[in-house]
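A.B. asks: One gets the working numbering by counting positions in the sequence shown from 1 and adding 448 to each. Take this structure first; my questions come after.
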Amino acid sequence: MKPAVKAKAKAAKKTSVASANGKKYVLIGAGPASVRAAETLRKADANCSITMIGEEVESPYSRMALPYYLSGMIKEQGTHLRKSDGHFDGLNINHVHAKVEKIDAKKNKLALNNGDSYDYDQLLIATGSRPANSPFPGSENKGVVNCWTIADGREILDTIKPGSKVALLGAGFIACIIVEAMLKRKVDLTVMLGRTGQMVSRMMDETAGEMIKSWCEAKGVKTILPSSIKSIEAGPALKRDDGSLTEFDLIIVATGVYSNIEFLDDSGIKTDQGILVDASLRTNIKNIYAAGDVAQGVDFSTGGQSVHAIQPTAVDHGRIAAVNMMGGASHYKGSLGMNVLDTAGLVSTSFGSWGGVEGGDTTTLVDEENYKYVRLNFKDDLLVGAITVGRTDFIGVMRGLIQSEVPLGEWKEKLIEDPTLIMNAYLAKSLDVA
449 MKPAVKAKAK AAKKTSVASA NGKKYVLIGA GPASVRAAET LRKADANCSI
499 TMIGEEVESP YSRMALPYYL SGMIKEQGTH LRKSDGHFDG LNINHVHAKV
549 EKIDAKKNKL ALNNGDSYDY DQLLIATGSR PANSPFPGSE NKGVVNCWTI
599 ADGREILDTI KPGSKVALLG AGFIACIIVE AMLKRKVDLT VMLGRTGQMV
649 SRMMDETAGE MIKSWCEAKG VKTILPSSIK SIEAGPALKR DDGSLTEFDL
699 IIVATGVYSN IEFLDDSGIK TDQGILVDAS LRTNIKNIYA AGDVAQGVDF
749 STGGQSVHAI QPTAVDHGRI AAVNMMGGAS HYKGSLGMNV LDTAGLVSTS
799 FGSWGGVEGG DTTTLVDEEN YKYVRLNFKD DLLVGAITVG RTDFIGVMRG
849 LIQSEVPLGE WKEKLIEDPT LIMNAYLAKS LDVA
């Protein structure tokens, strides 16, 4: 992986953009949350100052579109969040390409790595996530890359061709999406599983994970355990536990993500796994908000606080935070943990408390031969979580029943006997509510 580029030292320059009413909004990050926030602010106020600061030199893009770019389904421009040239200039949104190194919350000021500083009246932090480091030494070797940025995507496409030997370190959500892209590029793919030998262990139970693994292996994917790897060597190559070397044309690291909060040390902003926010997406500092993958907010399923790193949540966060930054009173009801994954044509989903709840009931329907699986989790007569593999017909219904918190009554026992009746239950309970 490429070393970080150090900014050249220069005299600090105080920067601000004048506006008719003097209101200055600064958004840190240039992903879905910041883009939606900037557009919401501009729609409400044609004269305010809006500055969006993103570390990458690219136009704002969707990370979730990268696998489709890798697979050839879309061109690079198809990853852009806004397709028209000059979109942000046309809205008079100042898009700065730099990294925020420090926030002085007492002085309402930001320090950037290029020496500039920005004052703000209202601040949104939407810095997203960063990829976890490889669990093995040697990740700095040439031919080892994350799949996180457009630049990573370009490097991958410049390296691979049909028949290329590719190792994918990781078997989580992001890794499984990359699997499909690599298979479409007809590479010789080896995937390192999770520590337990399971795929997508953070969003699926063992039965679902084993189905996805079997599906991938049937498509020609080789799987290995992390315990069989000692290090990454030049080549690149994986040094195995027996001392042997397995050479590859490319090694892709996809072993998880962390919220980008390191720069907040000494800022006074409270953090945990992410930035702690209330239902208004406000931090513990009254004029600072957080949104997207970096925000640790209300969890619909548990009532606690958690990070939900999915693009729809980021977009909702951006809009709601912008409304509240302007003095509104919009509240986020909480994120429902939700994952929809397409692994080389096998669609799997998980919703809410997919692993079940203490004292609750669970029913499953397993068809291993045809790669079909349904799991429903109940608390009393409420559906609180679900998993499916190979059943796309239930996705909207499951989400609807969980989010609406409609008591199922007698339908709970019917679903325990036959989970495929969930559409019938949904329609019946919808009529009851109506």
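Cβ atoms here follow ideal geometry from the backbone N, Cα and C, with glycine treated the same way. Here the structure is a predicted model, which means the values were calculated and not measured.
Return the residue from the list Y819, A757, E817, D829 that minimises the CA-CA distance to T810.
C.D. replies: Residue D829 is the option with its Cα nearest to T810.
A.B. asks: Helix, strand or coil for G642? Go by DSSP, reduced to three states.
C.D. replies: Coil, per DSSP.
A.B. asks: Taking the alpha-carbon of T638 as reference, which of M659, Y473, I677, R602 has the nearest alpha-carbon?
C.D. replies: For T638, the nearest C-alpha among the options comes from I677.
A.B. asks: Would you please state the rounded distance, in angstroms, between the beta carbons of M640 and A666? I believe it to be under 8 Å.
C.D. replies: Their Cβ separation, rounded to whole angstroms, is 18 Å, which puts M640 and A666 out of contact at 8 Å.
A.B. asks: Give me the DSSP bridge partner(s) of G833.
C.D. replies: DSSP, once it has assigned bridges, lists G800, N825 as partnering G833.
A.B. asks: According to DSSP, is Y559 part of a helix, a strand, or is it coil?
C.D. replies: The sequence as given places Ala at residue 559; Tyr does not occur at that position. Residue state, collapsed to three classes: strand.
A.B. asks: How far does the alpha helix (DSSP H) with Y517 in it reach, from first residue to last?
C.D. replies: Per DSSP, Y517 belongs to the alpha helix (DSSP H) from 514 to 519.
A.B. asks: Looking at the structure shown, is S679 part of a helix, part of a strand, or coil, going by DSSP?
C.D. replies: If DSSP states are grouped into helix, strand and coil, S679 belongs with the strands.
A.B. asks: Over what stretch of residues does the alpha helix (DSSP H) that includes G704 continue unbroken?
C.D. replies: Element bounds for G704: n/a, residue is neither H nor E.
A.B. asks: Going along the chain, which residues of its own chain have a beta-carbon closer than 6 Å to the beta-carbon of R688, five neighbours each way excluded?
C.D. replies: So the qualifying residues of the chain are S676.
A.B. asks: Quick one, which of K781, D747, P585 has its alpha-carbon nearest P684's?
C.D. replies: For the residues K781, D747, P585, the minimum Cα distance to P684 belongs to P585.
A.B. asks: Rounded to whole angstroms, what is the Cα-Cα separation between N732 and E806?
C.D. replies: Each residue's alpha carbon lies about 32 Å from the other.
A.B. asks: Only counting the same chain, and skipping five residues up and downstream in sequence, which positions put a Cβ closer than 6 Å to that of V465?
C.D. replies: Residue confidence for V465 is low, a pLDDT of 42 falling below 50, so the modelled location carries little weight; the figure read from the coordinates is stated next. Answer for V465: S497, N542, listed in chain order.
A.B. asks: In angstroms, rounded to a whole number, what distance separates the CA positions of V592 and T527?
C.D. replies: So the alpha carbons of these two residues sit roughly 23 Å apart.
A.B. asks: Taking the alpha carbon of S577 as the point to measure from, which residue in I723, K590, L571 has its own alpha carbon closest?
C.D. replies: The option with the nearest alpha carbon to S577 is I723.
A.B. asks: Suppose the cutoff is 6 Å on Cβ atoms and the five residues either side in sequence are ignored; what does the same chain contact list for A559 look like?
C.D. replies: The answer, listed in chain order, is E549, K550, S565.
A.B. asks: Please return the same chain residues whose Cβ sits closer than 7 Å to the Cβ of M647, not counting the five positions on each side in sequence.
C.D. replies: Excluding sequence neighbours, M647 sits near A619, C624, L641, G657, I660, K661.
A.B. asks: Please name the residue, chosen from D747, K555, M774, that lies closest to G785 on a Cα-to-Cα basis.
C.D. replies: With distances taken between Cα atoms, G785 lies closest to D747.
A.B. asks: Thinking C-beta only, is G838 closer than 8 Å to V788?
C.D. replies: In this structure, G838 does not lie closer than 8 Å to V788 by Cβ.
A.B. asks: Mind checking which residues open and close the beta strand (DSSP E) that includes G745?
C.D. replies: Unbroken beta strand (DSSP E) run through G745: 743 to 746.
A.B. asks: Residues in the same chain with beta-carbon distance under 7 Å from V845, minus the five sequence neighbours each way, listed in chain order, please.
C.D. replies: Only I870, M871, Y874 meet the Cβ criterion.
A.B. asks: Let me make sure I understand the geometry here. Which of R484, A580, D653, Q759 has the alpha-carbon closest to that of H535?
C.D. replies: Of R484, A580, D653, Q759, the residue nearest in Cα terms is R484.
A.B. asks: Let's see if you can read the secondary structure: which residues bound the alpha helix (DSSP H) around E788?
C.D. replies: First, the residue type needs correcting, since residue 788 is Val and not Glu in the sequence shown. Per DSSP, V788 belongs to no alpha helix (DSSP H); it is in the beta strand (DSSP E), 786 to 791.
A.B. asks: Please report the straight-line C-alpha distance between K590 and G601, rounded to a whole angstrom.
C.D. replies: If you take the alpha carbons of K590 and G601, they lie about 15 Å apart.
A.B. asks: The alpha helix (DSSP H) spanning N772 covers which residue range?
C.D. replies: 759 to 773 is the extent of the alpha helix (DSSP H) around N772.
A.B. asks: Between the stretch 706 to 726 and the stretch 742 to 762, do at least 3 Cβ pairs fall closer than 8 Å?
C.D. replies: Touching, yes.
A.B. asks: Could you check how far apart the C-beta atoms of I427 and A574 are, in whole angstroms? I think they sit under 8 Å.
C.D. replies: A query on residue 427 cannot be resolved here, the shown segment of the chain reaching from 449 to 882 and no further.
A.B. asks: How should A777 be labelled, buried or exposed, when 16 other C-beta atoms within 10 angstroms of its C-beta is the threshold for buried?
C.D. replies: Exposed, since its Cβ has fewer than 16 Cβ neighbours within 10 Å.
A.B. asks: Which residue comes first and which comes last in the beta strand (DSSP E) that contains D552?
C.D. replies: That run of the beta strand (DSSP E) goes 548 to 552.
A.B. asks: In chain order, what residues of the same chain lie with their CB nearer than 6 Å to the CB of K491, ignoring the 5 residues before and after it?
C.D. replies: Same-chain partners within the cutoff: there are none.
A.B. asks: Taking only three categories from DSSP, how would you classify D533?
C.D. replies: Correct three-state label for D533: coil.
A.B. asks: Once the 5 residues before and after V814 are set aside, which same chain residues still bring their CB inside 7 Å of it?
C.D. replies: Here the set comprises T655, Y821.
A.B. asks: Compute the distance between the beta-carbons of L475 and L572, then report whether it is under 8 Å.
C.D. replies: Yes.
A.B. asks: Given a threshold of 16 other Cβ atoms within 10 Å of its Cβ, counted over all protein chains shown, does N818 qualify as buried or as exposed?
C.D. replies: Exposed is the call here.
A.B. asks: May I ask you to report which of helix, strand or coil DSSP gives Q851?
C.D. replies: Reduced to three states, the DSSP call for Q851 is helix.
A.B. asks: Is it right to say N772 is buried, meaning 16 or more other beta carbons lie within 10 angstroms of its own, or is it exposed?
C.D. replies: N772 is buried by the Cβ-count criterion.
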